[in-house]
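Quick note on this note's numbering: the sequence shown kicks off at 126 and runs consecutively.
First up is the structure itself, then whatever we jot down about it.
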Amino acid sequence: KGFLTQSTSPSSYDRNFPTTGADGLYFDLEIPTGIDGSQLSWTVNTGGSISATVSWTRPRTDSHPDPLYGTTIQNDKWISDKSKNVTRVTLHGPRASSSQISSSNPRSLTRPSLPQTFELVGRDSSGNEIRYGFVLKQWFVNRGYIQDSPSAQTAWCNRLGYRMPRVRDLTNAVRTYNPPISGAAPSSSRNNYIRHIGAGFFTEWGRMSFYANNAGFDYSYWTSDVAGSEQFHVGSGPGAIYSDPASRSYFAVCTAP
């Protein structure tokens with residue numbers, strides 16, 4: 126379902142979810158019993174090129190198309206009861222435009238100064254107050270549905286002012302068969318992620334296709350890690366690590382820093 130609050134102390138907000146983000150991704154806050162979420166007015170305290178908004182809204186009941194596989198995917202699929210409103214936090218920041226995505230030589234994109242701390246403060250007329258803080262340490266930008274070689278995708282990221290991620294930036298999976306490689310710590314015991322705060326983009330956010338406006342985050346993405354003639358890529362669904370010759374084409378997600 127999600128992560129428990131790890132810290133209510135501003136000095137250790139960096140222990141809370143999320144530490145990674147991308148434009149349009151969102152998560153829901155669990156409001157304590159006895160407080161009416163609909164009565165809370167929210168202030169977001171932060172400074173930087175990334176922002177966050179908090180809204181009292183119904184979970185999404187619509188779906189979005191998957192143009193690669195020709196299917197439709199239900200939004201907010203992890204929420205079984207969509208009749209109740211949620212307190213939703215949405216991240217807003219640099220995102221590649223359609224012209225940048227389609228270009229092999231895109232113009233540069235704003236590169237956020239990270240880490241960036243957020244403190245969300247909700248208050249009602251009775252004086253109740255809720256605070257939730259987190260620290261974004263990495264920001265990701267997706268190239269949508271463009272598949273290409275790792276060298277071409279790396280060049281695209283670099284022209285934006287970003288870099289190609291390493292395996293550990295995306296997953297904490299462990300691949301033991303040849304060629305072996307491990308993702309972020311704490312490590313999974315197999316070649317799938319085990320959900321954990323701070324252990325990779327896909328590890329934190331889970332199945333990307335279930336989010337509305339995910340812009341195609343549900344495929345396999347090249348990394349900068351290589352082993353001989355093989356280059357590693359990571360599947361966003363299970364967070365599994367794969368390898369293929371650099372002549373193959375897969376998708377790109379870029380990161381800063």
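Positions of the beta carbon are idealized from the N, C-alpha and C atoms, including for glycine.
Supposed contact pair residue j and residue i - C-beta distance, whole angstroms, cut 8 Å
i: M289; j: T279; result: 5 Å
i: A298; j: I198; result: With 8 Å as the limit, A298 and I198 do not qualify as a contact, their Cβ atoms being about 23 Å apart.
i: F342; j: Q272; result: The pair is not a contact, with the Cβ atoms about 14 Å apart (cut-off 8 Å).
i: S176; j: H217; result: 5 Å
i: G325; j: A309; result: 5 Å
Outcome for residue i when other beta-carbon atoms lying within 10 angstroms are tallied against a minimum of 16
i: L129; result: exposed
i: S132; result: exposed
i: P275; result: buried
i: A371; result: exposed
i: E155; result: exposed
i: D206; result: exposed
i: N170; result: exposed
i: Q225; result: buried
i: P187; result: Per the sequence shown, residue 187 should be read as Asp rather than Pro. So D187 counts as exposed.
i: N141; result: buried
Residue of the options minimising C-alpha distance to residue i
i: T215; options: W181, G159, R300 and F327; result: W181
i: F152; options: S134, G127 and S314; result: G127
i: Y336; options: D191, G162 and R315; result: D191
i: R373; options: P363, H358 and A381; result: H358
i: A317; options: P363, M333 and G325; result: In the sequence as displayed, the identity of residue 317 is Asn instead of Ala. When only C-alpha atoms are compared, the closest one is P363.
i: C379; options: S361, D350, D369 and Y346; result: Y346
i: E254; options: G162, A310, V266 and N338; result: G162
i: N200; options: L193, T212 and R183; result: R183
i: Q263; options: D148, S136 and P135; result: D148
i: Y287; options: A221, N141, T196 and M333; result: A221
i: G159; options: S137, D187 and S251; result: S251
i: T178; options: R213, G323 and W203; result: R213
i: M333; options: K202, V292 and V211; result: K202
i: P237; options: H321, T145 and R300; result: T145
i: R232; options: R185, Y138, C282 and N141; result: C282
Span of the beta strand (DSSP E) around residue i
i: T197; result: T196 to Q199
i: R213; result: V211 to H217
i: D105; result: Summary: the structure shown does not reach residue 105, with the chain confined to residues 126 through 382, and so no result is reported for it.
i: L154; result: Y151 to L154
i: W330; result: Not the beta strand (DSSP E): W330 falls in the alpha helix (DSSP H), residues F326 to W330.
i: A177; result: S176 to T182
i: Q263; result: Q263 to N267
i: D350; result: S345 to A352
i: R248; result: Q241 to R248
Cβ-heavy atom distance, residue i to the ligand GTP, below 6 Å
i: H217; result: With respect to the ligand GTP, the structure offers nothing, as it holds no ligand at all.
Test: residue i CB closer than 7 Å to a CB of chain B
i: L245; result: No chain B appears in the structure shown, which is made up of a single protein chain.
Terminal residues of the alpha helix (DSSP H) in which residue i lies
i: D294; result: V292 to L295
i: S188; result: Unbroken run through S188 is the beta strand (DSSP E), S188 to D191; no alpha helix (DSSP H).
i: W281; result: P275 to L285
i: Q225; result: S223 to S227
query = At a cut of 8 Å, does the region 236-248 reach the region 335-354 through at least three beta carbon pairs?
reply = Too few Cβ pairs lie closer than 8 Å, so no.
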